[in-house]
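Just so you know, we're using this note's numbering here: the sequence shown kicks off at -18 and counts up by one. Below is one structure; the comments refer to it alone.
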Amino acid sequence: MRTQVGIVGAGPAGLFLALLLARDGIDCIVLEARSRDYVEGRVRAGVLEQGTVDLMHELGVAERLMRESMIDRNLDIRFEGQLIHLDLPGLAGGREVHIYGQQEVVKDLIAARLTAVQQLFEAESIAIDGIDTARPVINFRHKGEQHALECDVVAGCDGFHGIARASVPQDALAVHDHIFPFGWLGILSESRPLADMTYANHDHGFALASRRSPRISRLYVQCAVDEDIALWPDARIWEELHIRLNADHDELVEGRIFQKGVTPVRSFVAAPMRQGRLFLAGDAAHIVPPTGAKGLNLAAADVRVLARALTAFLRRGDDRLLEGYSDTCLRRVWKTVRYSTYMTTLLHRFPAHSTFERRIQLAELDYIAGSHAAQTVVAENYVGLPMETA
Ligand code: FAD
Ligand code: DHB
-18 MRTQVGIVGA GPAGLFLALL LARDGIDCIV LEARSRDYVE GRVRAGVLEQ
32 GTVDLMHELG VAERLMRESM IDRNLDIRFE GQLIHLDLPG LAGGREVHIY
82 GQQEVVKDLI AARLTAVQQL FEAESIAIDG IDTARPVINF RHKGEQHALE
132 CDVVAGCDGF HGIARASVPQ DALAVHDHIF PFGWLGILSE SRPLADMTYA
182 NHDHGFALAS RRSPRISRLY VQCAVDEDIA LWPDARIWEE LHIRLNADHD
232 ELVEGRIFQK GVTPVRSFVA APMRQGRLFL AGDAAHIVPP TGAKGLNLAA
282 ADVRVLARAL TAFLRRGDDR LLEGYSDTCL RRVWKTVRYS TYMTTLLHRF
332 PAHSTFERRI QLAELDYIAG SHAAQTVVAE NYVGLPMETA
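Structure below.
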């Protein structure tokens, strides 16, 4: 088998890249280890920055998004009986975000890809060879047999646990890793959501009330790293959510919980995002802590840069954009890591915090509550930095 761009992974990074390349007439094949049902059902992110929504429009895949997504114009932070209410468009130049599940984005991109170029599910890449040559090869297993896909370029879009980053010689990558001393327990519930996206800092720990539809709530509570989910029966989750969000039963309606999962909270950046003819994008290269909802949006921003660079290279032999790919992306990545780390540090309870550090955290929240400038900092990063600054 042969293609111009071999893409490993059918998450948001791989699928956005495939559609961008197909639009520009570049031949590509997507190899995905899991089944189509599995990737379409994987519950994760839900907040789309304006730039990600614009990308869906450009690719002609925004029809259902415009019908079913909800627009968020406000962001609330609750702490010690106080409320910070951010008017996002007012603070951030008219920009807002859309609420639309990541798995819905993935479904829309896969449906569009079915009519565009080739994608193989249950095709697990097991090795990427020759990345320092002009003909890298992806070896993969499909239906019990081993195959080789010869490419001009390989895009490693296979997430944090994939093989692409592991194919780069260890001494060629600088790794910056920070693991926070807690996780997030996330649920989906059949219940009316809170009126606005609400983050809470409480002595018991962080909580977040988001949503997926007018009848589906997406809720998170801070929990231990490697939390045993069996220790969180539904009643305990609701009790903690009421306490941390300071929300009574009328405001926080309890419904049937139909999905539960624990997410680690970490920052990770591997640089550069390129080795020879292998380019890393999305979670394969970096993880941001979930506070602020940036991971999917960062994956989309990476592949927008990568697609433009690959098209210039494969169409016209011009490698200048490809040479700048890693540096261009990493500027946005580090600003986003900075913001997500700031929001994480601001809103969580740190087991090792002294009373001094706790008072500083609450003073910071109190400062934001009274400062238009500080609110602007939170809001303009939340809606997404403009692409030009990348
Ligand atoms: P992935 O989505 O991980 O996709 C990688 C794909 O590669 C997978 O389908 C995987 O099966 C496949 N793969 C792996 N190995 C191989 C192999 N060897 N061969 C072939 N295929 C392989 N981000 C936001 O922007 N907003 C949010 O609100 C948000 N909330 C989140 C909430 C939770 C609970 C979690 C867990 C994450 C959240 N994120 C959020 C982060 C976001 O989900 C990720 O950043 C995003 O999925 C990254 O996309 P990706 O395509 O890079 O990687
Ligand atoms: C959601 C996830 C986040 O990480 C966040 O900061 C806000 C909302 C969500 O899943 O809806």
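From the three backbone atoms N, C-alpha and C, an ideal C-beta is built for every residue, glycine too. This one's a predicted model, so the numbers in the text were calculated from it and none came from an experiment.
Leaving out five residues on either side along the sequence, give the residues of the same chain with a beta carbon under 8 angstroms from the beta carbon of leucine 222. The answer, listed in chain order, is Ala188, Ala190, Leu200, Val202, Ala228, Leu233.
Run through DSSP, which three-state label would phenylalanine 161 get? Phenylalanine 161 sits in a strand when the DSSP states are folded into three classes.
According to the neighbour-count rule (16 or more other Cβ atoms, all chains shown, within 10 Å of its Cβ), is lysine 124 buried or exposed? It is exposed - the Cβ of lysine 124 has fewer than 16 other Cβ atoms within 10 Å.
Here's a check: name, in chain order, each residue in its chain whose Cβ is nearer than 6 angstroms to the Cβ of valine 156, leaving out the five neighbours to either side. These residues qualify, in order along the chain: Ala251.
Going along the chain, which residues of its own chain have a beta-carbon closer than 8 angstroms to the beta-carbon of arginine 45, five neighbours each way excluded? Closer than 8 angstroms at the Cβ level, and outside the excluded window around arginine 45, lie Glu85, Asp89.
Cβ neighbour criterion (16 or more within 10 Å) applied to glycine 143: Label assigned to glycine 143: buried.
Can you list, in chain order, the residues of its chain with a C-beta nearer than 7 angstroms to that of glutamate 235? Leave out the 5 residues immediately preceding and following it. Answer for glutamate 235: Ser172, Trp219, listed in chain order.
Answer yes or no: do alanine 205 and phenylalanine 239 have a C-beta to C-beta separation smaller than 8 angstroms? Result no, Cβ atoms of alanine 205 and phenylalanine 239 do not sit closer than 8 angstroms.
Among the residues of its own chain, which have a CB less than 8 angstroms from the CB of valine 373, if the five just before and after it don't count? Limits of the chain in this structure are -18 at one end and 371 at the other, which puts residue 373 out of reach.
Give the straight-line distance between the Cα atoms of arginine 289 and threonine 317, rounded to the nearest whole angstrom. For arginine 289 and threonine 317, the distance between alpha carbons rounds to 21 angstroms.
Per the contact definition of three or more C-beta pairs closer than 8 angstroms, is the segment 299 to 314 in contact with the segment 39 to 54? Because the criterion of three Cβ pairs below 8 angstroms is not met, the segment 39 to 54 and the segment 299 to 314 do not touch.
Residues in its own chain within less than 6 angstroms of proline 245 by CB, not counting five upstream and five downstream? Correct list, in chain order: Gly164.
Are the Cβ atoms of asparagine 55 and methionine 254 separated by less than 8 angstroms? The Cβ-Cβ distance between asparagine 55 and methionine 254 does not fall below 8 angstroms.
Report whether the distance from the Cβ of glutamate 13 to the nearest heavy atom of ligand 1 is below 7 angstroms. Under cutoff, so the answer is yes.
Between arginine 199 and ligand 2, is there a pair consisting of the residue's CB and a ligand heavy atom that are separated by less than 7 angstroms? In this structure, the C-beta of arginine 199 approaches ligand 2 to less than 7 angstroms from one of its heavy atoms.
Check whether the segment 16 to 24 and the segment -2 to 5 are in contact - that is, three or more C-beta pairs closer than 8 angstroms. The segment 16 to 24 makes no contact with the segment -2 to 5, as fewer than three CB pairs between them are under 8 angstroms.
Once the 5 residues before and after isoleucine 168 are set aside, which same chain residues still bring their CB inside 7 angstroms of it? Excluding its 5 nearest sequence neighbours in each direction, isoleucine 168 has C-beta neighbours in its own chain below 7 angstroms: Leu200, Ile218, Ile238, Gln240, Lys241, listed in chain order.
Keeping to the same chain, check which residues put their C-beta closer than 6 angstroms to that of leucine 12; ignore five residues upstream and five downstream. Counting only Cβ-Cβ distances below 6 angstroms, and skipping sequence neighbours, we find Val(-11), Leu101, Ala104, Ser106, Phe121.
Counting only the same chain and skipping the five closest in sequence on each side, list residues whose C-beta sits under 6 angstroms from that of leucine 175. Hits under 6 angstroms: Ala190.
Do you know how far the Cα of valine 243 is from the Cα of leucine 212? Taking the straight line joining both Cα atoms gives about 12 angstroms.
Coarse secondary structure for methionine 178, derived from DSSP in three states: Strand.
Do you know how far the Cα of histidine 353 is from the Cα of glycine 74? Going by the C-alpha atoms only, they are around 14 angstroms apart.
Let me know the beta strand (DSSP E) ranges lying completely inside the segment 35 to 112, each 3 residues or longer, listed in chain order. If we require 3 residues or more, the beta strand (DSSP E) runs fully inside the segment 35 to 112 come out as 51 to 53, 55 to 60, 63 to 68, 78 to 80, 99 to 101, 104 to 110.
Who are the near neighbours of phenylalanine 294 in its chain, counting only those whose CB is closer than 8 angstroms to its CB and skipping five residues on each side? Apart from sequence neighbours up to five positions away, the residues of its chain that approach phenylalanine 294 with a beta-carbon distance below 8 angstroms are Val134, Asp300, Leu302, Leu303, ordered along the chain.
Just the Cα atoms here: how many angstroms apart are phenylalanine 337 and glutamine 151? When the Cα atoms are used, phenylalanine 337 and glutamine 151 turn out to be separated by approximately 40 angstroms.
So arginine 340 is in the alpha helix (DSSP H); what residue range does that whole segment cover? From DSSP, the alpha helix (DSSP H) with arginine 340 extends over 336 to 351.
With 16 other Cβ atoms within 10 Å as the buried cut-off, status of histidine -7: Reading off the sequence, residue -7 comes out as proline, not histidine. Around the beta carbon of proline -7, 16 or more other beta carbons sit within 10 angstroms, so the residue counts as buried.
Would the C-beta of valine 246 count as close to ligand 3, meaning under 7 angstroms from any of its heavy atoms? In the structure shown, ligand 3 is absent; the only ligands present are ligand 1 and ligand 2.
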